[in-house]
């Protein structure tokens with residue numbers, strides 16, 4: 002009697018003798034998923050999910066479909082994940098239920114426990130009637146699963162004050178291991194050429210990177226010794242060297258939560274990277290993840306890192322921030338016969354690189370996400386060094402959730418988390434802030450107060466209310482100045498109101514990243530040469546953008562934003578003192594999003610007139626801000642039991658994991674604005690890349706990745722008004738601006754009449 006053969010994947014134009022055996026696929030995925038989960042002691046859960054995830058493919062219906070791809074099965078159910086979810090749930094109780102979420106969602110995304118209609122949820126999938134699938138081969142694999150909740154669950158999960166939330170994050174991590182392992186094994190079989198192109202990293206890559214960074218920093222010091230600086234400039238450079246040494250020394254400290262409190266212009270980007278590399282080498286961390294608050298500045302930081310490590314092949318720096326859609330988001334089961342198309346569209350990075358540079362939106366929304374493209378990377382965030390730049394930018398609505406994530410990452414997932422900022426928020430628990438961190442993080446700088454006083458280079462002048470007309474008169478009197486406002490619309494209006502002269506520039510995210518980089522280069526060159534240069538910008542220049550003006554104007558905002566603006570003034574200490582003018586805009590009513598922070602900022606500025614940006618003033622600002630906004634600490638209820646619960650068993654019934662993954666992901670939006678990334682054919686490179694996309698019938702993710710730097714964010718309503726006219730959709734959902742120079746200006750970027758308005762920068 003001939004044994005029945007079961008297949009997982011086919012190959013185009015090849016017979017069954019070349020197809021992948023289902024048993025091989027399940028074993029490969031189980032082994033790989035367990036390896037991914039080893040860093041957080043989740044091996045048994047990940048292995049069980051790997052073994053069971055495609056049990057539905059043992060059904061004769063699925064195998065018949067593989068055998069005849071021409072067979073009309075469009076009306077039939079493509080579901081092959083519910084079988085594994087059901088058997089894990091039935092056989093392994095609470096542990097099985099946890100794995101069942103991962104298995105049921107490995108194509109469609111993590112599901113809600115229940116829904117109002119009773120459809121499209123975990124309850125429905127667990128009750129669903131399925132074709133017979135329990136073959137002898139399936140039973141043999143099932144017999145190899147050994148899973149016990151009490152034995153296998155990491156103990157740290159139950160030390161948490163938010164046990165239910167902690168368990169839901171653990172479930173996401175298991176899901177991440179499963180999805181990535183499934184993707185990689187399928188890719189290796191279906192697209193071996195693509196799989197072969199994935200970079201392989203030597204075990205000593207972080208050691209080599211640390212050596213290159215040391216050489217770069219030492220070379221920088223040597224260059225400074227040869228240059229002629231005045232006494233003030235030399236003092237600033239000496240202080241930056243001291244910051245670097247403090248960071249290097251802190252790398253010896255055991256892993257956990259750290260803070261790095263450095264005034265703007267203190268060189269914290271490379272100093273924090275030096276800490277991260279040394280710490281990662283000492284404690285054998287897998288990678289470094291550098292999280293930046295805004296898309297608008299990620300290219301500068303990533304570009305700096307690329308340049309430092311350019312002699313390494315392949316370059317170990319991965320830049321990830323695309324908002325271009327990469328997968329089916331309908332929540333339905335994916336057609337397995339479309340694997341090759343799915344591979345190409347889902348070939349998005351899984352953060353498998355030594356140094357990842359990403360945005361806060363990508364980072365936090367992935368940790369709270371439910372889609373495979375979001376969660377696939379999560380297991381690669383474990384046992385890492387995570388640098389959070391400008392940590393004060395965390396929205397107060399999510400402060401409780403994000404602090405809980407910090408605690409989880411630094412305990413269960415063995416991460417070192419570094420909170421970097423010039424204005425360190427008051428995140429430690431106190432009577433007015435009971436949700437804070439139980440223990441103060443380890444501060445890398447020996448004496449932050451002394452450092453702040455030594456690096457003081459500006460005075461703050463409060464101008465009070467200023468109309469646009471009054472501001473423009475002030476700007477006319479300045480040869481070199483920077484003005485930072487809160488919205489795109491205001492920036493555009495002020496720029497167009499200038500009596501235009503050579504050296505006037507506008508900066509906002511209405512300009513694509515490549516365009517902004519060109520403008521910033523021109524600005525730096527003019528300022529360095531002492532030529533006239535006036536810049537009107539949104540707040541995109543406030544974090545990590547290395548520009549230096551003698552005079553800065555800042556529209557009223559929180560004290561942290563004012564401090565960031567001040568960091569663009571007299572940055573290198575060339576002047577005795579620089580002037581930062583804070584004003585209340587005539588457009589303030591339309592800036593409701595910032596009014597609370599701006600009001601408290603004005604209050605603190607009034608009290609701390611002599612030292613408005615000192616550490617005491619900053620601590621006072623955040624203390625008042627968090628206290629007055631306490632109703633918003635978890636205003637989305639993301640830590641409440643309505644999302645995460647496992648009520649105690651009653652009358653002998655089993656404990657149910659009542660997780661609402663899809664609903665929570667929908668609630669957690671770091672940027673509330675609903676925007677779409679539109680590609681601009683800005684230069685010859687982008688035109689050629691878009692031409693290649695148009696020509697190729699299959700999506701090329703590599704091209705899409707390179708086009709990230711040519712995107713502009715549009716309100717969805719604005720996008721919908723222009724889609725199909727000024728905006729074409731490549732491959733059905735990749736928006737590209739048609740005739741760029743009709744709707745795109747070298748001065749201000751995108752020029753649709755309805756696109757600037759009051760869209761906030763991010």
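Numbering (my numbering), first residue to last: 2 to 763. The beta-carbon is built from N, C-alpha and C at its ideal position, and this holds for glycine as well. Model, not experiment: these values are computed from the prediction.
Contact check for residue 39 and residue 51: beta-carbon distance about 13 Å, past the 8 Å limit, so the pair fails to qualify.
Cβ contact annotation for residue 63 (same chain, cutoff 7 Å, sequence separation greater than five): 57, 81, in chain order.
Bounds of the beta strand (DSSP E) holding residue 420 are 417–422. For residue 697, the three-state secondary structure derived from DSSP is coil. Here residue 567 is buried. Its C-beta has 16 or more other C-beta atoms within 10 Å.
If the five residues before and after residue 540 are omitted, its C-beta is found closer than 7 Å to the C-beta atoms of 485, 487, 562, 762, all from its own chain and listed in chain order.
Leaving aside the five residues that flank residue 128 on each side, none in its chain has a CB nearer than 7 Å to its CB.
Distances from the CA of residue 414 to each of 126, 256, 55, 644 were compared; the closest alpha carbon is that of 256.
Taking a 10 Å sphere around the C-beta of residue 580, we find 16 or more other C-beta atoms and assign the residue as buried.
Inside the segment 377–404, DSSP marks no whole alpha helix (DSSP H) run of 4 or more residues.
Residue 449 sits in a helix when the DSSP states are folded into three classes. Taking C-beta atoms under 8 Å as the contact rule, residue 576 and residue 551 qualify, at a distance of about 6 Å. Residue 739 has its alpha-carbon roughly 33 Å from the corresponding atom of residue 292. The count of Cβ pairs closer than 8 Å, one atom from the segment 389–407 and one from the segment 293–304, reaches three, so the stretches are in contact. Residue 532 sits exposed, since fewer than 16 C-beta atoms from the chains shown fall within 10 Å of its C-beta. DSSP, read as helix, strand or coil, puts residue 619 in helix. Taking the C-beta atoms as reference points, residue 178 is found no nearer than 8 Å to residue 102. For the segment 12–94, not one full-length beta strand (DSSP E) segment reaches 3 residues or more. Taking all protein chains shown into account, residue 115 has fewer than 16 neighbouring C-beta atoms within 10 Å of its C-beta and is therefore exposed.
Taking 8 Å as the cut-off, the beta carbon of residue 716 is found closer than this to the beta carbon of residue 676. By the neighbour-count criterion, in which 16 or more other beta carbons inside 10 Å mark a residue as buried, residue 351 falls on the buried side. Note that the C-beta distance between residue 507 and residue 586 is not below 8 Å. The three-state secondary structure of residue 731, taken from DSSP, is strand. Beta-bridge partners assigned by DSSP to residue 716: 676. Across the set 276, 684, 47, the C-alpha of 47 shows the shortest separation from the C-alpha of residue 31. Rounded to whole angstroms, the Cβ separation of residue 153 and residue 45 is 4 Å, and the two are in contact under 8 Å. Judged by pairs of C-beta atoms under 8 Å, the segment 411–425 touches the segment 253–267, as three or more such pairs exist. For residue 663, the enclosing alpha helix (DSSP H) has its first and last residue at 662–668. Secondary structure note for residue 506: its beta strand (DSSP E) is the uninterrupted segment 505–508.
Taken in chain order, the whole beta strand (DSSP E) runs of length 3 or more contained in the segment 192–265 are 258–262. The continuous stretches of beta strand (DSSP E) do not include residue 270, which lies in the alpha helix (DSSP H) extending over residues 269–284. With three or more CB-CB distances shorter than 8 Å, the segment 546–560 counts as touching the segment 470–486. Beta-bridge annotation (DSSP): residue 320 is paired with 358. Of the candidates 211, 27, 41, 41 places its Cα closest to the Cα of residue 379. Cβ neighbours of residue 110 within its own chain (closer than 7 Å, five residues either side excluded): 332, 371, 372, 373, 663.
In this structure residue 634 touches residue 397 by the C-beta definition: roughly 7 Å separates them, less than 8 Å.
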